[in-house]
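Everything in the sequence shown is counted per the UniProt record's numbering, starting at 1 for the first residue and increasing by one.
Everything on this sheet refers to the single structure shown next.
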Amino acid sequence: MSPVEEKRTSIVEEDSKVDDERPTVGEPVATTSKIPANIYSDDTVSKLVAQDTVPWYKKPNLRLLYLLFFPTCIGVEMTSGFDSSMMNGLQAVDSWDTFFNSPRSVLLGLMSAMYSLGAVIALPFVPLVTDGIGRKWTIIVSSVVMIVGAVVQTTAHNFVMFIMARFILGVGIPFAIVAASSLIGELSHPKERAILGSLFNSCYFVGSIVAAGTTLGTFRMTSNWGWRIPSLLQVVPSAMQVVFCLFLPESPRWLISRGRGQEAFAILAKYHAEGNTESELVKAEYVQIEKTLELEKSTKSSVGWKDMLSTPGMRRRVLVCAMLGLFTQWSGNGLTSYFLARILDNVGITDNRTKNLVNLASTCWGFLNATILALTVSRFKRRSAYLLCAVSLLLIFTGWTVASARYAISGDQASSRAVIAFIFLYSPAYNVGYNALTYTFLVELFPFHVRAKGITIFQAFGRLAGFFNTFVNPIGIAEAGEFMAFRLRILDVYIDWNAFVPLGWKFYISYVVFLAYEVVFIYFLFPETSGRSLEELAFLYEEDEAKKQRELVAHDLKEGHIGGNASGPAADGKDEESSSQLAKS
Numbered sequence: 001m002s003p004v005e006e007k008r009t010s011i012v013e014e015d016s017k018v019d020d021e022r023p024t025v026g027e028p029v030a031t032t033s034k035i036p037a038n039i040y041s042d043d044t045v046s047k048l049v050a051q052d053t054v055p056w057y058k059k060p061n062l063r064l065l066y067l068l069f070f071p072t073c074i075g076v077e078m079t080s081g082f083d084s085s086m087m088n089g090l091q092a093v094d095s096w097d098t099f100f101n102s103p104r105s106v107l108l109g110l111m112s113a114m115y116s117l118g119a120v121i122a123l124p125f126v127p128l129v130t131d132g133i134g135r136k137w138t139i140i141v142s143s144v145v146m147i148v149g150a151v152v153q154t155t156a157h158n159f160v161m162f163i164m165a166r167f168i169l170g171v172g173i174p175f176a177i178v179a180a181s182s183l184i185g186e187l188s189h190p191k192e193r194a195i196l197g198s199l200f201n202s203c204y205f206v207g208s209i210v211a212a213g214t215t216l217g218t219f220r221m222t223s224n225w226g227w228r229i230p231s232l233l234q235v236v237p238s239a240m241q242v243v244f245c246l247f248l249p250e251s252p253r254w255l256i257s258r259g260r261g262q263e264a265f266a267i268l269a270k271y272h273a274e275g276n277t278e279s280e281l282v283k284a285e286y287v288q289i290e291k292t293l294e295l296e297k298s299t300k301s302s303v304g305w306k307d308m309l310s311t312p313g314m315r316r317r318v319l320v321c322a323m324l325g326l327f328t329q330w331s332g333n334g335l336t337s338y339f340l341a342r343i344l345d346n347v348g349i350t351d352n353r354t355k356n357l358v359n360l361a362s363t364c365w366g367f368l369n370a371t372i373l374a375l376t377v378s379r380f381k382r383r384s385a386y387l388l389c390a391v392s393l394l395l396i397f398t399g400w401t402v403a404s405a406r407y408a409i410s411g412d413q414a415s416s417r418a419v420i421a422f423i424f425l426y427s428p429a430y431n432v433g434y435n436a437l438t439y440t441f442l443v444e445l446f447p448f449h450v451r452a453k454g455i456t457i458f459q460a461f462g463r464l465a466g467f468f469n470t471f472v473n474p475i476g477i478a479e480a481g482e483f484m485a486f487r488l489r490i491l492d493v494y495i496d497w498n499a500f501v502p503l504g505w506k507f508y509i510s511y512v513v514f515l516a517y518e519v520v521f522i523y524f525l526f527p528e529t530s531g532r533s534l535e536e537l538a539f540l541y542e543e544d545e546a547k548k549q550r551e552l553v554a555h556d557l558k559e560g561h562i563g564g565n566a567s568g569p570a571a572d573g574k575d576e577e578s579s580s581q582l583a584k585s
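Set out below in structure tokens:
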């Protein structure tokens, strides 16, 4: 390593003895290249990336890495997509409806909400595991947990067993999402990082399509396999992650943070330079990651939860990611994700086959526009895309509310068709921001040492909002008498019929109001993060402090204190010793 610390002189002297040896995958190689003095400037990596004109598919190692991403990291979202679409479809499967005694309103909300509740309970432990055992093994362990949940769900014999299975599934998903989204951002080439991060959420629709197609194929089955088959297939995405993650490399940033610089340098060289250890990009990335971690550590003596609120910059990051968690769940998507069948009931569409067809068509359309947006949205500014997303959703949901009100009042079939149209318009409006950008934006928003905690905060607010949504939505959109019938049956008391009149279309007004708030918040408080590397964004809100630190490093370079062996990590294990001394300083 090239540490900045009290004992750096002795370390540089020891490093010099190895004659600038640097590792490839498996063994060291000699190099005489030195890292230029301006390697720590804000845009060094960005400039080197811009000079790389070779597309990723012409690079064998990078191509293999991206192919591995799909059944592993990017594929994590298939589990979430499968779950929501399956719950949508099962509501139109008679065998499921009969087996669980036609759950509606509160009971239906509880069945859906247990998934989010499990995630909320698990979230405090997510950063401990993700930062402790690494991104890769966190995905594997959490996928095993979700396999157990899917098996229990498939074999459920009663209502309680079914909701406990959904709780287990919920416990596993946040570990996988936080680890996978972090690994994509930290392992991918800077040139494709934004696109891959956007494709992460697009895979949600792959799982949704499979689930929607499965329930469409089984809804006529009179046996319980009509709903057990879709439940069993929920094992497939997690099983793929367990198998293919074994071939996936670990995050270079995580390895460097653990004093395993040789492994990190080898991974960067293999996948970002096709094994070329003399690549200026690889050297720049390695040193920039190393120095950024040092700068982050120098500003914080510990990395606890209190550090998330210790400075104005961190408090703003937390505020933005917390609100983003709410925005991704309270923008109306919970209605179409879990309760599309009930929405269709409210506008006169009651045929189960039609409901499943609409569900399948909606998920296919979502996958199509989400993928297109994921491949193109990196061309646009993050903040502008989020603003476009929020404004579009506000206009669409306003029209949706008006059309629902007209149908409720007059039974106008044109209004019913308008609601269907707004449901399909809603998908690209949501995907342009909240789907395509969210995890890319979060990885860019937080420095490495708090990235897992930052994404966990986002997940916490998102899952809490999701729990509230999935529990309250079926009550709010319930047809007249559904909620009342439940209360009478459960409490076995007489209650005035008018005391619990469902809101129906009026319930949608709450979403319109919140969407208006989203527009205002994004306009005034969302930062712009596009066009810079993760290390360049590490001090997004602390530019004065970062500038001071960079000047110190530049001074050390000019004086010769750093750089005697700067082309990569020492090949003789000194990088681990250096990291230990750095931690003490």
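For glycine and all other residues, C-beta sits at the position ideal for the given N, C-alpha and C.
To the nearest angstrom, report how far apart residue i and residue j are at their CA atoms.
i, j, result
"F175", "R451", "13 Å"
"G399", "F159", "37 Å"
"W505", "N346", "9 Å"
"S84", "F526", "29 Å"
"S112", "I349", "22 Å"
"R315", "L324", "14 Å"
"L326", "V148", "29 Å"
"A465", "Q241", "27 Å"
"N201", "V391", "21 Å"
"Q262", "T292", "17 Å"
"T371", "L199", "7 Å"
"H561", "V287", "Model confidence at H561 stands at a pLDDT of 46, short of 50, so the residue's coordinates are unreliable; what they give is reported in the following sentence. Each residue's Cα considered, the two are about 15 Å apart."
"T277", "A266", "8 Å"
"F247", "F514", "44 Å"
"A179", "W305", "18 Å"
"T53", "W254", "28 Å"
"A50", "Y434", "27 Å"
"L183", "R417", "43 Å"
"A212", "L360", "5 Å"
"A516", "G259", "47 Å"
"G109", "E186", "37 Å"
Looking at the structure shown, is residue i part of a helix, part of a strand, or coil, going by DSSP?
i, result
"G563", "At G563, the pLDDT of 39 sits below 50, so the modelled position is not reliable; the number obtained from the coordinates is stated separately. Note: G563 maps to coil in three-state DSSP."
"C321", "helix"
"M221", "coil"
"F524", "helix"
"S337", "helix"
"D83", "helix"
"K506", "helix"
"A361", "helix"
"A212", "helix"
"W227", "helix"
"L373", "helix"
"S102", "coil"
"P252", "helix"
"K59", "coil"
Should residue i and residue j be called a contact, given that it needs their Cβ atoms to be closer than 8 Å?
i, j, result
"I522", "C321", "no"
"H272", "E285", "yes"
"P237", "T218", "no"
"L169", "G118", "yes"
"I139", "C245", "yes"
"G332", "Y204", "no"
"T328", "T438", "yes"
"residue 649", "V76", "Past the boundaries of the shown model lies residue 649; the chain is included only from 1 to 585, so the question cannot be answered."
"A429", "L393", "yes"
Using the rule of at least 16 other Cβ atoms within 10 Å of the residue's Cβ for burial, across every protein chain shown, is residue i buried or exposed?
i, result
"S223", "exposed"
"S257", "buried"
"R383", "buried"
"I409", "exposed"
"L90", "buried"
"M161", "exposed"
"S188", "buried"
"V210", "buried"
"R228", "buried"
"A414", "exposed"
"G411", "exposed"
"residue 625", "No answer is possible for residue 625: the residues shown for the chain start at 1 and end at 585."
"S251", "buried"
"V520", "exposed"
Does residue i get closer than 8 Å to chain D when you measure Cβ to Cβ?
i, result
"L295", "This model lacks chain D altogether; it includes just one protein chain."
Continuous alpha helix (DSSP H) assignments of at least 4 residues falling wholly in the segment 399 to 459
Runs of the alpha helix (DSSP H) inside the segment 399 to 459: 413 to 430 and 438 to 445.
Ordered list of alpha helix (DSSP H) runs contained in the segment 104 to 128, each at least 4 residues:
Whole alpha helix (DSSP H) segments, 4+ residues: 105 to 122.
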